[in-house]
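Have a look at the structure below, then the notes.
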Amino acid sequence: EKMGERGQAIRACRKLLEISPRFRPAYEALVRLEEPKGDIRLLRNLLREMGRVFPDDPVPRNDVAYLNLLLNEDLQGSLAQAEELARDYPAYIAYKVTLALAHHRLGNARKALEVLDPLPIQWEQALPGWQAVCLSVLASNGLRDKASALLSHIVLGKLKAEERLLIQPWIQTQD
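Heads up: the sequence shown begins at 24 in this note's numbering, then just goes up one per residue.
This is the structure:
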């Protein structure tokens with residue numbers, strides 16, 4: 024991986040998992056190696072696998088729900104997962120962002136805003152994907168000035184294609 028040989032690194036991680044299926048660093052490396060490819064279905068499958076191996080770990084469960092929501096798939100199941108995680112881990116902003124995205128995807132813009140509004144975060148400095156979710160929620164609630172201000176802070180090249188699609192209508196209205 025350090026030498027830039029992603030394919031070799033992926034094969035090595037898979038081999039490690041054949042030998043030791045619960046070797047978490049191999050899963051973490053696979054996620055890191057696969058994510059730049061931009062294939063979130065492949066990434067989701069990897070995270071599902073990780074979730075089966077580590078069923079008590081909330082991180083892969085949240086990530087699978089988030090990716091499902093980006094793909095507009097399994098909306099109700101992802102909402103249930105997001106509600107559970109946000110309830111059980113109230114200090115984790117990532118789980119709240121997933122919950123807000125679930126409400127947003129299900130057409131409940133107001134509820135999505137209620138999830139995000141009280142969070143102690145400066146959205147201008149948040150992760151790009153979180154910014155896209157927030158912008159989409161703000162725009163769907165008619166908060167045009169706030170959405171426009173946030174858009175100027177988003178590095179579009181750091182978004183997953185599906186995150187960019189969330190805000191594409193807003194990007195087009197700003198051009």
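For every residue, glycine included, the Cβ atom is placed at its ideal position computed from N, Cα and C. For clarity, every value in this text was computed on a predicted model and none was experimentally measured.
Item	Value
Taking Trp-153 as the reference, give the member of Pro-59, Leu-174, Phe-77 and Thr-196 with the closest Cα.	Leu-174
Val-138: which of Leu-94, Val-120, Asp-168 and Ala-88 sits nearest, CA to CA?	Val-120
Whose C-alpha, out of Leu-182, Ala-103 and Gly-130, is nearest the C-alpha of Tyr-8?	The question about residue 8 has no answer, for the chain in this structure spans 24 to 198.
Taking Cβ positions, are Arg-71 and Val-54 nearer each other than 8 angstroms?	no
Taking all protein chains shown into account, do 16 or more other C-beta atoms lie within 10 angstroms of the C-beta of Glu-147, making it buried, or fewer, making it exposed?	exposed
Mark Glu-186 as exposed unless 16 or more other C-beta atoms lie within 10 angstroms of its C-beta, in which case mark it buried.	buried
Near Asn-91, which residues of its chain fall below 6 angstroms by C-beta distance, leaving aside the five closest residues on each side in sequence?	Asp-97 and Ser-101
Taking C-beta to C-beta, are Glu-57 and Leu-40 nearer than 8 angstroms?	no
Give the C-beta separation of Leu-182 and Ala-155 to the nearest angstrom, bearing in mind that I take them to be a contact with Cβ-Cβ under 8 angstroms.	6 angstroms
Output the boundary residues of the alpha helix (DSSP H) element that contains Ile-116.	116-128
For Ala-170, count neighbouring Cβ atoms within 10 angstroms of its own Cβ and tell me buried if that reaches 16, exposed if not.	buried
Please report the distance separating the alpha-carbon of Ala-149 from that of Tyr-115.	13 angstroms
In terms of alpha-carbon separation, which member of Ala-123, Asn-95 and Leu-94 lies closest to Leu-108?	Ala-123
By how many angstroms is the C-alpha of Glu-106 removed from the C-alpha of Pro-151?	22 angstroms
Between which two residues does the alpha helix (DSSP H) harbouring Glu-57 extend?	47-57
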